[in-house]
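Asks:
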Amino acid sequence: CSGADLGPISLNWFEELSSEASL
Amino acid sequence: HSIEQTKVADLPTCDSLNPGSLQLISKLKNPSGSCSVDVSAMWWERAGFKEPCIITACEYVVSLWRPLDTWQWEKIYTWHFTEVPVLQIVPVPDVCNLVCVALGSLEIREIRALLCSSEDESEKQVLLKSGNIKAVLGLTGRRLVSSSGTLCDQQVEIMTFAEDGRSKEKQFLMPPEETILTFGEVQGMQEALLGTTIMNNIVIWNLKTGQLLKKMHIDDSYQASVCHKAYSEMGLLFVVLSHSCAKEREALGSPVFQLIVINPKTTLNVGVMLYCLPQGQAGRFLEGDVKDHFAAAVLTSGTIAIWDLLLGHCTAVLPPISDQNWSFVKWSGTDSHLLAGQKDGNIFIYRY
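Here the protein sequences come in this chain order: A and B. Numbering follows the numbering used here, in which position 7 of the first sequence is assigned residue number 21; successive positions increment by one, without gaps. Numbering follows the numbering used here, in which position 4 of the second sequence is assigned residue number 1066; successive positions increment by one, without gaps.
1) Leaving out five residues before and five after Thr-1244/B in sequence, what residues of the same chain have Cβ atoms less than 6 Å from its Cβ?
2) Cutting at 8 Å between CB atoms, please list the residues of its own chain near Leu-25/A, excluding the five before and the five after it.
3) Find the residues of chain A that neighbour Pro-1326/B, judging by a C-beta separation of less than 8 Å, and give them in chain order.
4) Counting beta carbon pairs with one atom in the region 1174–1192 of chain B and one in the region 1207–1226 of chain B, are three or more of them shorter than 8 Å?
5) On the DSSP letters alone, give me the boundaries of the beta strand (DSSP E) that Glu-1136/B sits inside.
6) Apart from the five residues on each side of it in sequence, which residues of its chain come closer than 6 Å, Cβ to Cβ, to Gly-1345/B?
7) Measuring alpha carbon to alpha carbon, tell me which residue in Thr-1132/B, Lys-1137/B and Trp-1388/B is nearest Leu-1126/B.
8) Against chain B, does Leu-20/A count as a neighbour if the rule is that its beta carbon must be under 8 Å from one of theirs?
9) Can you tell me which of the three DSSP states Asp-1100/B falls into?
10) Report the rounded CA-to-CA distance for Tyr-1337/B versus Ser-32/A, giving the unit in angstroms.
11) Note the first and the last residue of the continuous alpha helix (DSSP H) segment covering Ser-1384/B.
12) Considering just the uninterrupted stretch of the alpha helix (DSSP H) at Ala-35/A, what are its terminal residues?
13) Within a Cβ cutoff of 7 Å, which residues of the same chain sit near Pro-1153/B, ignoring the five residues on either side of it in sequence?
14) Looking at the C-beta of Met-1335/B, does it have a partner C-beta in chain A at a distance below 8 Å?
15) When burial is assigned at 16 or more other CB atoms within 10 Å of the CB, is His-1142/B buried or exposed?
16) With distances taken between CB atoms, is the gap from Leu-1149/B to Val-1099/B smaller than 8 Å?
17) Can you tell me where the beta strand (DSSP E) holding Met-1278/B begins and where it ends?
18) At a Cβ cut of 7 Å, what residues of the region 1232–1257 of chain B count as close to chain A, listed as they run along the chain?
19) For Ser-1294/B, which of helix, strand or coil comes out of DSSP?
20) Determine whether the Cβ of Val-1301/B lies closer than 8 Å to any Cβ atom of chain A.
21) Could you tell me whether any Cβ in chain A is nearer than 8 Å to the Cβ of Leu-1199/B?
22) Counting only C-beta atoms, is Gly-1297/B closer than 8 Å to chain A at any point?
23) Return the residues of the region 1260–1278 of chain B that lie within a Cβ-Cβ distance of less than 9 Å from chain A, sorted by chain order.
24) According to the Cβ coordinates, are Gly-1333/B and Asn-1092/B closer than 8 Å?
25) Under 8 Å: do the region 1235–1249 of chain B and the region 1270–1288 of chain B share three or more Cβ pairs, one atom per stretch?
26) Of the residues Leu-1372/B, Gly-1203/B, Ala-1358/B and Trp-1388/B, which one's Cα is nearest the Cα of Tyr-1414/B?
27) So, for Leu-1090/B: in the same chain, excluding its five sequence neighbours on each side, which residues have a beta-carbon less than 6 Å away from its beta-carbon?
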């Protein structure tokens, strides 16, 4: 199977997206 | 970080499926004359004793059944509706002695809570919400989410119930600028909620703050996706969707469920697995349910099919019984049983 790049991954995505949304 | 691209689930022929994996253990006949629409299982407490009960919904009657010995059932409560028919049961996890129902004709017009008076044991119903309701889902932590209104005044509301089932508090989430089709919880993340939208996006909310965190566009090959299950692993979001509009493709067969993986940080996503019908089976997704790693669907052909999401293929096919097509299927929330219903009110309970 070929690979697909999903970009940089963060284990804390939920906290990081929440912080970004607060800005 | 790379991920395996869409793999077509194995397509065994019907003959190779193990019919013994479903064992009929009980049958429940609902004598109500109206058309049967839904079934669910839940815990109900009477005289300090909690029992795994079954809720059946016909167009104008919802009944609660308690188990007797030898897999027989006794109807203990019945709620009647006179004006607006019942569309679906909306189970609310972590709540005992309360079930919600959505009422309406084509679209949901009301959500009602069904409960019993602690004083005289009589059936009660409380109107929780009315209007042009598009989607509703019961969430863990005794919560109910619903979206209502039209595009320009869409409201997404979370209602939290007290332990006794009464509505306690309300909170609003930031609406996306497109109609929400379905909601989905993210396993183990009580503060996260997903929604699928009419524009083929998956949105994520933070339920604590009400923030809309991200809008992620998914493959346009499948429209009107329903979110059945989601979990986060290694920084990625895995989502099981069903596709009622999926067309049969020669090489793939009919895709009924799909597992996709999304990187929520970048919104990039890819299909991981398609769960297709076995060779020799026709039909599209009509209605279905996912619990743990098992997915069950009623197909337009009137047959029920079950997939093991880890094995990646269909493990059982249940053809119509007594020449009656299946019309809905649910996994029991109280045990590992499959509840399969027909329009005439017959509910069959299988051990899987």
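The beta carbon of each residue, even a glycine, is placed where N, CA and C say it ideally should be.
Replies: Let me lay it out:
1) Residue 1244/B sits at position 182 when you count from the first residue of the second sequence. Closer than 6 Å at the Cβ level, and outside the excluded window around Thr-1244/B, lie Ala-1197, Thr-1258, Val-1288 and Cys-1289.
2) Taking the first residue of the first sequence as 1, we reach residue 25/A at position 11. Same-chain partners within the cutoff: there are none.
3) Numbered from 1 along the second sequence, position 264 holds the residue referred to as residue 1326/B. Ordered by position in chain A, the residues that pass the 8 Å Cβ test against Pro-1326/B are Trp-27, Phe-28 and Leu-31.
4) yes
5) Translated into the one-based positions of the second sequence, residue 1136/B becomes position 74. Counting along the chain, the beta strand (DSSP E) containing Glu-1136/B begins and ends at 1135–1142.
6) Here residue 1345/B refers to the residue found at position 283 when the second sequence is read from its first residue. Excluding residues within five positions, the ones whose Cβ falls inside 6 Å are Leu-1361, Thr-1362 and Ser-1363.
7) In the second sequence, residue 1126/B corresponds to position 64, counting from 1. With distances taken between Cα atoms, Leu-1126/B lies closest to Lys-1137/B.
8) In the first sequence, counting from the first residue as 1, residue 20/A sits at position 6. Yes, its Cβ sits closer than 8 Å to a Cβ of chain B.
9) As a first step, residue 1100/B is located in the second sequence; it is residue number 38 there, counting from the start. Strand at Asp-1100/B.
10) Here the question's residue 1337/B lines up with position 275 in the second sequence. Here the question's residue 32/A lines up with position 18 in the first sequence. Going from the Cα of Tyr-1337/B to the Cα of Ser-32/A covers about 33 Å.
11) Residue 1384/B sits at position 322 when you count from the first residue of the second sequence. Segment: none, Ser-1384/B is in no alpha helix (DSSP H) and carries neither H nor E.
12) Along the first sequence, read from residue 1 onward, the residue named residue 35/A stands at position 21. That run of the alpha helix (DSSP H) goes 27–36.
13) Position 91 of the second sequence holds residue 1153/B. Here the set comprises Ser-1102, Met-1104, Val-1161, Gly-1200 and Gly-1395.
14) Position 273 of the second sequence, counted from the first residue, corresponds to residue 1335/B. Cβ-Cβ to chain A under 8 Å: no for Met-1335/B.
15) If you number the second sequence from 1, residue 1142/B lands on position 80. It is exposed - the Cβ of His-1142/B has fewer than 16 other Cβ atoms within 10 Å.
16) Taking the first residue of the second sequence as 1, we reach residue 1149/B at position 87. Taking the first residue of the second sequence as 1, we reach residue 1099/B at position 37. Contact flag set, yes.
17) Counted from its first residue, the second sequence places residue 1278/B at position 216. Taken as a continuous stretch (DSSP letters only), the beta strand (DSSP E) holding Met-1278/B covers 1274–1279.
18) Met-1251 and Ala-1254
19) For the purposes of this step, residue 1294/B is identified with residue 232 of the second sequence, where counting begins at 1. Three-state result, Ser-1294/B: strand.
20) Position 239 of the second sequence holds residue 1301/B. Not an interface residue.
21) If you number the second sequence from 1, residue 1199/B lands on position 137. False, the Cβ-Cβ gap to chain A never drops below 8 Å.
22) Within the second sequence, the letter at position 235 stands for residue 1297/B. For Gly-1297/B, the answer is yes, since a Cβ of chain A falls inside 8 Å of its Cβ.
23) Ile-1266, Asn-1268, Lys-1270, Thr-1271, Gln-1273, Leu-1274, Leu-1275 and Lys-1276
24) Within the second sequence, residue 1333/B is the residue found at index 271, counting from 1. Within the second sequence, residue 1092/B is the residue found at index 30, counting from 1. No; because the gap between Cβ atoms is not below 8 Å, this pair is not in contact.
25) yes
26) Residue mapping note: residue 1414/B aligns to position 352 of the second sequence, counting from 1. Measuring from the Cα of Tyr-1414/B, the nearest candidate turns out to be Ala-1358/B.
27) Your numbering for residue 1090/B matches position 28 in the second sequence. If we look at Leu-1090/B and ignore the five residues flanking it on each side, its Cβ neighbours are Trp-1135 and Ile-1409.
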